[in-house]
Amino acid sequence: MCGIFGYLGKKQEIILKSIKALKILRSRGYDSAGIGFIYNNQIVTKKSIDLNLDTLLQLKSFQSYSVISHTRWATNGKISIANTHPFVSSNGKFALVHNGIISNSELLKKQLLLHKKFESETDSEVIVNLIEYNYEKYKDTKTFKQILRLTFLQLEGFWSILLIKLDEPLNLYITRKEIPLVIGFSKSAFFVSSDYNTFSEYVEKYFELKNNDILCLSYDPINDNVNYEDTKDYKLTYINQDEILSETPYPYKFWLEKEIKEQDKDILNMFKKNSMTLNKNNIIFPKIDLELQKNLHNFLYKKII
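Mapping to UniProt numbering: the sequence shown position 245 is 245, numbers consecutive.
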């Protein structure tokens, strides 16, 4: 499990906002972290295997319209700078952060080695090089979203992905398959993340990206507004301020300890969020059949009542 965060909009303090988001996402990945953005017509990345994310503050003076960032749990490849997100494609045209597993990455990598250079051991780098390879092959006959759709059909596994394209600095591409991805927005900014806690202080509502959807989020710096065209059919959810996470595991020393000790509270919040009813007589899950509800009641009643 990893954590990803992206921002698109006004340039003001975007690096600081990203670092603050990564601190909240540390509970999803302790091993390394990184940030990527477009600056002076090139993709810039900064990575750290130090849990003190303030080392990324060296970037705070940089200005960009879009930023992608990531905290990593090392599931594919050892802990190293080379294996830390974001990953940039061989020719420097694309960069992405990825949460998930690509089960056929080794096969795809063998096919791409004739055309692309790899710097890491990860499945995530395979994705960005496959996107670049398909783009170079089909850019004259297909739209970029069609190329992305073709690429994701070649992947086996599950993912949430944030992608920036060097020649489109005002756009942020996002997609997911099975791995949740939430989007918060204001008039002048989009926030995309594994967890809405990372942007709860900036917006009041968010929506969850639909499975297998590919959205191109856009920003207009002249009018200082974002493009909602691709998002108009999504149902919005208001952020519950009672569920907001902090940047630290306080009052506990470690995130793991906090997660263990607060399981009962998290379960109760889950009930509230999904309109479930909990009392001494029954637990009602509106979207689950009656027999399964009965079994869940017998288990949960003993655990948390």
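Cβ coordinates follow ideal geometry from the N, Cα and C atoms, glycine included.
DSSP three-state call for residue i: helix, strand or coil?
i: Ser160; result: strand
i: Ile304; result: Here the model assigns Ile304 a pLDDT of 45, short of 50, so the residue's position is not dependable, and the following value carries that caveat. Looking at Ile304 - three-state DSSP - the assignment turns out to be helix.
i: Asn84; result: According to the sequence displayed, residue 84 carries Thr and not Asn. It is coil, neither helix nor strand.
i: Thr45; result: strand
i: Leu25; result: helix
i: Glu178; result: strand
i: Thr198; result: helix
i: Ser205; result: Reading off the sequence shown, one finds Lys at residue 205, where the question assumed Ser. The answer is strand: DSSP assigns Lys205 an E or B state.
i: Ser193; result: strand
i: Lys20; result: helix
i: Leu166; result: coil
i: Ile79; result: coil
Going by beta-carbon coordinates alone, are residue i and residue j separated by less than 9 Å?
i: Gly100; j: Lys177; result: yes
i: Leu236; j: Tyr206; result: yes
i: Lys253; j: Asp224; result: no
i: Ser61; j: Thr84; result: no
i: Gly34; j: Lys17; result: no
i: Ile214; j: Tyr173; result: yes
i: Ser90; j: Glu132; result: yes
i: Ile102; j: Pro86; result: no
i: Glu208; j: Ile239; result: no
i: Thr198; j: Phe37; result: no
i: Tyr7; j: Val192; result: yes
i: Asn142; j: Leu150; result: Checking the sequence, you will find Lys at residue 142 rather than Asn. It is a contact, given that the beta carbons lie within the stated cut-off.
i: Leu108; j: Leu163; result: no
i: Ser32; j: Ser105; result: no
i: Gly9; j: Ala189; result: yes
i: Phe152; j: Thr122; result: no
i: Ala82; j: Ser120; result: yes
i: His70; j: His115; result: no
i: Tyr65; j: Tyr219; result: yes
i: Leu57; j: Leu22; result: no
i: Phe185; j: Val226; result: yes
i: Ile14; j: Phe94; result: no
Return the bridge partner residues of residue i from the DSSP annotation.
i: Thr71; result: Gly3 and Ala33
i: Asp220; result: Asn225
i: Thr237; result: Tyr206
i: Lys11; result: DSSP, once it has assigned bridges, lists no residue as partnering Lys11.
i: Ile66; result: The question names Ile, but residue 66 in the sequence shown is Ser. Looking at the DSSP assignment, Ser66 forms a beta bridge with Leu8.
i: Tyr252; result: According to DSSP, Tyr252 bridges with nothing at all.
i: Gly92; result: In the DSSP output, where bridge partners are listed per residue, Gly92 has none listed.
i: Ile214; result: Thr175
i: Ile260; result: The partner list for Ile260 (beta bridge, DSSP) is empty, contrary to what the question assumes.
i: Asn99; result: Ser160
Am I right that residue i and residue j are in contact with their C-beta atoms under 8 Å? What's the rounded C-beta distance?
i: Pro180; j: Ser194; result: 7 Å
i: Asn129; j: Ile147; result: Their Cβ separation, rounded to whole angstroms, is 13 Å, which puts Asn129 and Ile147 out of contact at 8 Å.
i: Lys20; j: Gln63; result: So it is not a contact: roughly 17 Å between Cβ atoms.
i: Glu259; j: Ser27; result: 7 Å
i: Asp230; j: Cys216; result: 6 Å
Counting only beta-carbon separations shorter than 9 Å, does residue i have a partner in chain B?
i: Leu25; result: In the displayed structure, chain B is absent; only one protein chain is listed.
*Taking the runs of the alpha helix (DSSP H) that are 4 residues or longer, which of them lie wholly in the region 101-155?*
105-112, 123-138 and 144-154
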